[in-house]
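Structure first, then comments.
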Amino acid sequence: MLWILFVEEMQTRIKLGGSLMVGVVLVCWVAFQVPAVERRVQTAFEQTQRYWEFGGEQAQTSVGARLEHWRLSWRLGQDKPLTGWGDKGVKEGKRAYVARGDAHPYMLEMGHSHNEFLEMWSRRGALGVLMLLGIYAVPAFIFYPTRRRLTKVALKDRQHYLALRIVGLSVPVCYVVYGLTETFFELSIGHMFYIFSMVFFFSAMKSLEMKVKNA
(Lines of atoms letter the chains of each structure in order from A; the text may use other names.)
(Lines give C-alpha, C1' and ligand atoms only; values in the text may rest on other atoms or scores of the structure.)
Protein backbone atom coordinates (compact mmCIF):
# COMPACT_ATOMS: atom_id res chain seq x y z
CA MET A 4 0.00 0.00 0.00
CA LEU A 5 2.80 2.42 0.87
CA TRP A 6 4.58 1.55 -2.37
CA ILE A 7 1.63 2.89 -4.42
CA LEU A 8 2.11 6.36 -2.89
CA PHE A 9 5.59 6.60 -4.39
CA VAL A 10 4.84 5.48 -7.94
CA GLU A 11 5.89 8.43 -10.10
CA GLU A 12 3.24 8.18 -12.84
CA MET A 13 -0.13 9.43 -11.58
CA GLN A 14 -2.16 7.22 -13.94
CA THR A 15 -0.30 4.13 -12.76
CA ARG A 16 -0.78 5.21 -9.16
CA ILE A 17 -4.54 5.62 -9.70
CA LYS A 18 -4.83 2.23 -11.40
CA LEU A 19 -2.88 0.48 -8.67
CA GLY A 20 -4.82 2.27 -5.94
CA GLY A 21 -8.14 1.40 -7.55
CA SER A 22 -7.13 -2.23 -7.97
CA LEU A 23 -6.03 -2.37 -4.35
CA MET A 24 -9.33 -0.92 -3.12
CA VAL A 25 -11.32 -3.41 -5.19
CA GLY A 26 -9.15 -6.23 -3.88
CA VAL A 27 -9.63 -5.14 -0.25
CA VAL A 28 -13.41 -4.93 -0.73
CA LEU A 29 -13.49 -8.41 -2.29
CA VAL A 30 -11.36 -9.91 0.48
CA CYS A 31 -13.57 -8.33 3.15
CA TRP A 32 -16.70 -9.57 1.37
CA VAL A 33 -15.34 -13.11 1.14
CA ALA A 34 -14.25 -13.00 4.80
CA PHE A 35 -17.73 -11.97 5.91
CA GLN A 36 -19.13 -15.05 4.17
CA VAL A 37 -17.21 -17.23 6.63
CA PRO A 38 -19.60 -17.92 9.55
CA ALA A 39 -16.88 -17.72 12.22
CA VAL A 40 -15.67 -14.31 11.00
CA GLU A 41 -19.22 -12.99 10.72
CA ARG A 42 -19.99 -14.09 14.29
CA ARG A 43 -16.84 -12.43 15.65
CA VAL A 44 -17.61 -9.14 13.92
CA GLN A 45 -21.22 -9.25 15.09
CA THR A 46 -20.09 -9.99 18.65
CA ALA A 47 -17.67 -7.06 18.58
CA PHE A 48 -20.43 -4.68 17.46
CA GLU A 49 -22.82 -5.99 20.11
CA GLN A 50 -20.25 -5.73 22.91
CA THR A 51 -19.35 -2.19 21.87
CA GLN A 52 -23.00 -1.15 21.83
CA ARG A 53 -23.68 -2.72 25.23
CA TYR A 54 -20.65 -0.98 26.73
CA TRP A 55 -21.85 2.43 25.55
CA GLU A 56 -25.30 1.67 26.93
CA PHE A 57 -24.37 0.11 30.28
CA GLY A 58 -20.80 1.30 30.86
CA GLY A 59 -18.57 -0.58 33.30
CA GLU A 60 -21.12 -3.34 33.76
CA GLN A 61 -19.88 -4.76 30.45
CA ALA A 62 -16.18 -4.48 31.37
CA GLN A 63 -15.65 -8.23 31.45
CA THR A 64 -16.41 -8.77 27.77
CA SER A 65 -13.57 -8.84 25.26
CA VAL A 66 -14.34 -5.43 23.75
CA GLY A 67 -15.82 -3.93 26.92
CA ALA A 68 -12.66 -4.69 28.91
CA ARG A 69 -10.52 -2.78 26.42
CA LEU A 70 -12.86 0.19 26.26
CA GLU A 71 -13.06 0.35 30.05
CA HIS A 72 -9.27 0.20 30.39
CA TRP A 73 -8.84 2.88 27.73
CA ARG A 74 -11.16 5.12 29.73
CA LEU A 75 -9.27 4.35 32.95
CA SER A 76 -5.85 4.97 31.37
CA TRP A 77 -7.03 8.28 29.97
CA ARG A 78 -8.25 9.39 33.40
CA LEU A 79 -5.06 8.23 35.09
CA GLY A 80 -3.05 10.30 32.64
CA GLN A 81 -5.22 13.32 33.34
CA ASP A 82 -4.38 13.01 37.03
CA LYS A 83 -0.65 13.30 36.32
CA PRO A 84 -0.42 14.71 32.79
CA LEU A 85 3.26 15.67 32.72
CA THR A 86 5.16 12.59 33.90
CA GLY A 87 2.45 9.99 34.56
CA TRP A 88 2.20 7.51 37.41
CA GLY A 89 5.22 5.32 36.68
CA ASP A 90 5.23 1.53 36.45
CA LYS A 91 4.43 0.95 40.14
CA GLY A 92 2.29 4.01 40.62
CA VAL A 93 -0.10 3.13 37.81
CA LYS A 94 -1.07 -0.04 39.69
CA GLU A 95 -1.80 2.02 42.79
CA GLY A 96 -3.82 4.43 40.69
CA LYS A 97 -5.90 1.58 39.28
CA ARG A 98 -6.59 0.22 42.75
CA ALA A 99 -7.66 3.67 43.93
CA TYR A 100 -10.12 4.05 41.05
CA VAL A 101 -11.55 0.58 41.67
CA ALA A 102 -11.84 1.23 45.42
CA ARG A 103 -13.84 4.41 44.72
CA GLY A 104 -16.08 2.56 42.31
CA ASP A 105 -14.85 4.62 39.35
CA ALA A 106 -13.53 1.57 37.49
CA HIS A 107 -14.53 -2.07 37.22
CA PRO A 108 -12.57 -4.50 39.48
CA TYR A 109 -11.69 -6.53 36.39
CA MET A 110 -9.23 -3.77 35.46
CA LEU A 111 -6.90 -5.00 38.20
CA GLU A 112 -6.52 -8.29 36.33
CA MET A 113 -5.39 -6.58 33.12
CA GLY A 114 -1.69 -5.93 32.85
CA HIS A 115 -1.97 -3.12 30.32
CA SER A 116 -4.53 -1.04 28.46
CA HIS A 117 -4.17 -2.67 25.01
CA ASN A 118 -3.24 0.71 23.53
CA GLU A 119 0.36 1.88 23.23
CA PHE A 120 -0.45 5.58 23.42
CA LEU A 121 -2.86 5.41 26.36
CA GLU A 122 -0.52 3.10 28.25
CA MET A 123 2.32 5.57 27.80
CA TRP A 124 -0.01 8.45 28.74
CA SER A 125 -0.93 6.82 32.06
CA ARG A 126 2.60 5.63 32.91
CA ARG A 127 4.83 8.42 31.52
CA GLY A 128 2.45 11.30 30.85
CA ALA A 129 2.82 13.79 28.01
CA LEU A 130 6.61 13.49 28.05
CA GLY A 131 6.34 9.75 27.49
CA VAL A 132 3.85 10.19 24.66
CA LEU A 133 6.20 12.67 22.96
CA MET A 134 9.08 10.22 23.29
CA LEU A 135 6.93 7.43 21.85
CA LEU A 136 5.97 9.63 18.91
CA GLY A 137 9.67 10.33 18.40
CA ILE A 138 10.44 6.60 18.35
CA TYR A 139 7.96 6.28 15.50
CA ALA A 140 8.65 9.56 13.71
CA VAL A 141 12.46 9.56 13.54
CA PRO A 142 12.79 6.23 11.64
CA ALA A 143 9.84 7.21 9.45
CA PHE A 144 11.62 10.45 8.53
CA ILE A 145 14.91 8.64 7.89
CA PHE A 146 13.35 6.05 5.57
CA TYR A 147 10.81 8.30 3.83
CA PRO A 148 11.70 8.18 0.12
CA THR A 149 11.98 11.51 -1.65
CA ARG A 150 13.15 12.11 -5.22
CA ARG A 151 16.29 13.78 -3.92
CA ARG A 152 17.13 10.80 -1.75
CA LEU A 153 16.56 8.36 -4.60
CA THR A 154 19.30 10.09 -6.61
CA LYS A 155 21.87 8.89 -4.08
CA VAL A 156 22.10 5.51 -5.82
CA ALA A 157 22.73 4.32 -9.34
CA LEU A 158 19.72 4.17 -11.65
CA LYS A 159 19.90 0.36 -11.86
CA ASP A 160 19.68 0.10 -8.05
CA ARG A 161 16.91 2.65 -7.64
CA GLN A 162 14.03 0.17 -7.48
CA HIS A 163 15.79 -1.89 -4.81
CA TYR A 164 16.67 1.29 -2.93
CA LEU A 165 13.06 2.50 -3.06
CA ALA A 166 11.85 -0.90 -1.85
CA LEU A 167 14.21 -0.79 1.14
CA ARG A 168 13.05 2.69 2.09
CA ILE A 169 9.38 1.73 1.82
CA VAL A 170 9.85 -1.46 3.85
CA GLY A 171 11.78 0.50 6.47
CA LEU A 172 9.01 3.10 6.56
CA SER A 173 6.37 0.39 6.91
CA VAL A 174 7.82 -0.82 10.23
CA PRO A 175 6.97 2.28 12.33
CA VAL A 176 3.70 2.69 10.41
CA CYS A 177 2.68 -0.88 11.26
CA TYR A 178 3.74 -0.40 14.88
CA VAL A 179 1.51 2.68 15.14
CA VAL A 180 -1.47 0.78 13.75
CA TYR A 181 -0.80 -2.29 15.86
CA GLY A 182 -0.33 -0.09 18.93
CA LEU A 183 -3.94 1.07 18.72
CA THR A 184 -5.10 -2.27 20.18
CA GLU A 185 -1.95 -3.68 21.78
CA THR A 186 1.13 -2.58 23.72
CA PHE A 187 3.80 -4.32 21.67
CA PHE A 188 6.65 -2.45 23.36
CA GLU A 189 5.66 -4.15 26.64
CA LEU A 190 7.25 -7.29 25.19
CA SER A 191 10.97 -7.76 24.67
CA ILE A 192 10.26 -9.17 21.20
CA GLY A 193 8.60 -5.86 20.36
CA HIS A 194 11.77 -3.91 21.13
CA MET A 195 14.06 -6.42 19.46
CA PHE A 196 12.14 -6.66 16.21
CA TYR A 197 11.80 -2.88 15.94
CA ILE A 198 15.47 -2.18 16.57
CA PHE A 199 16.96 -5.00 14.52
CA SER A 200 14.65 -4.44 11.55
CA MET A 201 15.62 -0.76 11.54
CA VAL A 202 19.31 -1.65 11.65
CA PHE A 203 18.94 -4.28 8.91
CA PHE A 204 17.03 -2.10 6.44
CA PHE A 205 19.17 0.97 7.16
CA SER A 206 22.38 -1.02 6.61
CA ALA A 207 21.09 -2.48 3.35
CA MET A 208 20.06 0.98 2.21
CA LYS A 209 23.44 2.47 3.04
CA SER A 210 25.25 -0.33 1.24
CA LEU A 211 23.59 0.74 -2.02
CA GLU A 212 24.62 4.35 -1.37
CA MET A 213 28.22 3.28 -0.75
CA LYS A 214 28.36 1.58 -4.15
CA VAL A 215 28.01 5.01 -5.78
CA LYS A 216 30.62 6.62 -3.51
CA ASN A 217 33.11 3.83 -4.16
CA ALA A 218 32.52 3.76 -7.92
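Whatever position you read off the sequence shown (first residue = 1), add 3 for the working numbering. Built from N, CA and C at the ideal position, the CB exists for glycine as well. Nothing here was measured: the structure is a model prediction, and the numbers come from that model.
Count the other CB atoms, across all protein chains shown, that sit within 10 Å of the CB of residue i; report buried if there are 16 or more and exposed otherwise.
| i | result |
| --- | --- |
| Y164 | buried |
| M123 | buried |
| Y181 | exposed |
| F120 | buried |
| R103 | exposed |
Please report the straight-line C-alpha distance between residue i and residue j, rounded to a whole angstrom.
| i | j | result |
| --- | --- | --- |
| S210 | G193 | 26 angstroms |
| M2 | T154 | Past the boundaries of the shown model lies residue 2; the chain is included only from 4 to 218, so the question cannot be answered. |
| M134 | D105 | 29 angstroms |
| R151 | L130 | 33 angstroms |
| Q61 | K83 | 27 angstroms |
| N118 | K159 | 42 angstroms |
Using only alpha-carbon positions, find the residue among the options that is nearest to residue i.
| i | options | result |
| --- | --- | --- |
| D90 | Q50, S76, G59 | S76 |
| R98 | A157, G87, L85, E112 | E112 |
| G128 | V93, M195, H115 | V93 |
| M201 | N118, Q63, R168, A62 | R168 |
| E185 | Q81, H72, G58, V25 | H72 |
| A68 | G114, E189, M195, F204 | G114 |
Thinking C-beta only, is residue j closer than 7 angstroms to residue i?
| i | j | result |
| --- | --- | --- |
| L70 | Y54 | yes |
| P175 | A143 | yes |
| V66 | T51 | yes |
| S125 | G87 | yes |
Since residue i contacts residue j with CB under 8 angstroms, what's their CB separation in whole angstroms?
| i | j | result |
| --- | --- | --- |
| Y178 | Y139 | 6 angstroms |
| V215 | A166 | Incorrect: roughly 17 angstroms between the Cβ atoms, too far for contact. |
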